[in-house]
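>
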Amino acid sequence: MPSESAVEPESPTGAYELLPPSSGAGEQQQSLMGQEEQVLKSEGRQGDVLAACTALVSVSILAIVTWIAILSHDPSSEGWFAFHPTLQTLALVLFTYGARMLKSFISIALTNVAQAL
86 MPSESAVEPE SPTGAYELLP PSSGAGEQQQ SLMGQEEQVL KSEGRQGDVL AACTALVSVS
146 ILAIVTWIAI LSHDPSSEGW FAFHPTLQTL ALVLFTYGAR MLKSFISIAL TNVAQAL
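Per my numbering, residue 86 is the first one in the sequence shown, and the count goes up by one each step.
1) Measure the beta-carbon distance from A148 to L175 and round it to whole angstroms, keeping in mind my assumption that it falls under 8 Å.
2) Would you report the Cα separation of A184 and A100, rounded to the nearest angstrom?
3) Since F168 is in the alpha helix (DSSP H), which residue starts that stretch and which ends it?
4) In angstroms with no decimal places, state the Cα-to-Cα distance between L104 and A201.
5) Are T181 and L135 close, meaning C-beta to C-beta below 8 Å?
6) Between V178 and V144, how many whole angstroms is the CB-CB distance? I'm expecting something under 8 Å.
7) How many Å lie between Q165 and I146 at the Cα?
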């Protein structure tokens, strides 16, 4: 059976009470709040530039080779099919370029929210 000194009395507002803020640390913490969000941080990781350049160069080479192959072999004999590979490779180039541009505009706050999910 526990002694009475080991049992803590309950407070009238509940089991837990808030501690009063310390005088010096609270002011310093409040003065620093929000400053880290105002500093622009680079979102680039090591190798992002190389990966972006590699993606753009490789899809551009694919488009150039495809267009040369189609346009140098009488595209009028292919009929409507000649438009398919040329426009498809053009779409790939534009999608790759668009993904590269959109990736650079992601904000740090959105990245943190996504990582929290």
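Beta carbons: idealized from backbone N, C-alpha and C, even for Gly.
Checking against the coordinates, here is how it stands:
1) 6 Å
2) 53 Å
3) 168 to 188
4) 29 Å
5) no
6) 5 Å
7) Correcting the residue identity first, residue 165 is Trp in this sequence and not Gln. Whole-angstrom Cα-Cα distance: 23 Å.
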